[in-house]
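Novice:
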Amino acid sequence: MQLFNVQGMTCGHCVRAVTQAIKNDDPGADVQIELASKQVKVQSSLSPEQIVRLISEEGYQAQPA
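Mind the numbering: the sequence shown is residues 1049 to 1113 in this note's numbering, read in order.
(1) Excluding the five sequence neighbours on either side, which residues of its own chain have a C-beta within less than 8 Å of the C-beta of alanine 1113, listed in chain order?
(2) Can you name, in chain order, every residue of its own chain whose Cβ lies under 7 Å from the Cβ of lysine 1106, other than the five neighbours on each side?
(3) When DSSP labels each residue in this structure, what does glutamate 1097 get in the three-state scheme?
(4) If you draw a straight line from the alpha carbon of isoleucine 1099 to that of glycine 1076, how long is it in whole angstroms?
(5) Helix, strand or coil for aspartate 1074 per DSSP?
Quick look at the structure:
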């Protein structure tokens, strides 16, 4: 499980956008998002760099926790 701190997520739309961005590249990924703590947990074959790029492309600042 990879953990990322993501800034800018505030609502359900944000959760869906980040989840879909990751699942588009890895349909089998398990994505768990905690809005209150601004953390995203991802179980995926994607590298941390790939996940950060995908989240960033959606307009959010992400970094490995």
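Ideal Cβ placement from N, Cα and C applies to all residues, glycine included.
Specialist: With the given structure in hand:
(1) To locate residue 1113, count along the sequence shown from 1; it is residue 65. Cβ-Cβ distances below 8 Å link alanine 1113 to Leu1051, Phe1052, Asn1053 and Gln1087 in the same chain, with the five nearest sequence neighbours on each side left out; the list follows chain order.
(2) Position 58 of the sequence shown, counting from 1, holds the residue named residue 1106. Checking the sequence shown, residue 1106 turns out to be glutamate, not lysine. Counting only residues of its own chain and dropping the five nearest sequence neighbours on each side, glutamate 1106 has a CB closer than 7 Å to the CB of Ala1065, Val1066 and Ala1069.
(3) What you label residue 1097 is simply residue 49 of the sequence shown in a count that begins at 1. DSSP places glutamate 1097 in helix when its eight states are reduced to three.
(4) As a working note, residue 1099 is residue 51 in the sequence shown. As a working note, residue 1076 is residue 28 in the sequence shown. Near 14 Å, if we compare the C-alpha coordinates of glycine 1076 and isoleucine 1099.
(5) Here residue 1074 refers to the residue found at position 26 of the sequence shown. The answer is coil: DSSP assigns aspartate 1074 none of H, G, I, E or B.
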